[in-house]
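Numbering (my numbering), first residue to last: 1340 to 1471.
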Amino acid sequence: MNLPLIIAANRIIRSYNPDIIFPLVANVAIGQNNLVYVNTSGKAVPAISTMPNTSFIAGFALEAAILGASVYVKGNGVVSGFTGLTPGSVYYISKIVAGAISTTKPSGFFNYPIGIAISTTQLLIDQKAMGI
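Given below as structure tokens:
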């Protein structure tokens, strides 16, 4: 299988598989591009750094979902549809808003980078940094 390569400063950083998309059931209402984790019931919940269960981060919801509905989650590659990202900035899980990301490194249970903005609307998910 030929995987796309991420190239920066004329160096290959790593190859990745951009097609890790899977369905989960929403345990609560979830917004599009919310960062979600899998709770002990196996359902998707918006992640926040102050909760210990966020160590089971699955990825980003590709669409909004209501309680009990299926939500497709992307766990690798590029996620589009954001607004106002700063290209080149590293993003972390928010410690203030569940499901959100921030350029401020949180001091909670999960304080690892989530990804890097490659444009104002796209984030490259960094699974290796997330420990996935």
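For every residue, glycine included, the Cβ atom is placed at its ideal position computed from N, Cα and C.
Rounded separation between Pro1362 and Val1436 - CA only: As a first step, residue 1362 is located in the sequence shown; it is residue number 23 there, counting from the start. As a first step, residue 1436 is located in the sequence shown; it is residue number 97 there, counting from the start. Approximately 23 Å, taken between the alpha carbons.
Span of the beta strand (DSSP E) around Lys1413: Position 74 of the sequence shown, counted from the start, is the residue given in the question as residue 1413. Residue range 1409-1413 is occupied by the beta strand (DSSP E) that includes Lys1413.
Nearest-angstrom Cβ-Cβ length linking Gly1414 and Ile1359, presumed shorter than 8 Å: Here residue 1414 corresponds to residue number 75 of the sequence shown, with the count starting at 1. Here residue 1359 corresponds to residue number 20 of the sequence shown, with the count starting at 1. Right, the Cβ-Cβ distance comes to about 4 Å (below 8 Å), so this counts as a contact.
Separation of Lys1434 from Tyr1376, as counted between CA atoms: On the sequence shown, position 37 is the one that residue 1376 refers to. On the sequence shown, position 95 is the one that residue 1434 refers to. The straight-line gap from Cα to Cα measures roughly 14 Å.
With 16 other Cβ atoms within 10 Å as the buried cut-off, status of Ile1440: Taking the first residue of the sequence shown as 1, we reach residue 1440 at position 101. Buried is the call here.
Same chain only: Cβ atoms within 8 Å of Ser1388, ignoring 5 sequence neighbours per side: The residue you call residue 1388 lines up with position 49 of the sequence shown. Excluding residues within five positions, the ones whose Cβ falls inside 8 Å are Tyr1431, Ile1432, Ser1433, Lys1434, Pro1445, Ser1446, Gly1447, Phe1448, Phe1449, Asn1450.
Test item: CB-CB of Leu1374 and Pro1385 under 8 Å: Along the sequence shown, one-based indexing puts residue 1374 at 35. Along the sequence shown, one-based indexing puts residue 1385 at 46. Against a cut-off of 8 Å, the Cβ pair of Pro1385 and Leu1374 comes out as a contact.
Backbone CA spacing between Thr1443 and Ala1368 [nearest angstrom]: Within the sequence shown, numbered from 1, the residue matching residue 1443 stands at position 104. Within the sequence shown, numbered from 1, the residue matching residue 1368 stands at position 29. Roughly 25 Å between the two C-alpha positions.
Beta-ladder partner(s) of Ser1433, from DSSP: Here the question's residue 1433 lines up with position 94 in the sequence shown. Answer is none; Ser1433 lacks a bridge partner.
Own chain partners of Lys1382 with C-beta closer than 8 Å, once the 5 adjacent residues on each side are dropped: Numbered from its first residue, the sequence shown carries residue 1382 at position 43. So the qualifying residues of the chain are Leu1363, Val1364, Ala1365, Asn1366.
Residue range of the beta strand (DSSP E) that includes Phe1361: Within the sequence shown, the letter at position 22 stands for residue 1361. Segment 1360-1364, the beta strand (DSSP E) holding Phe1361.
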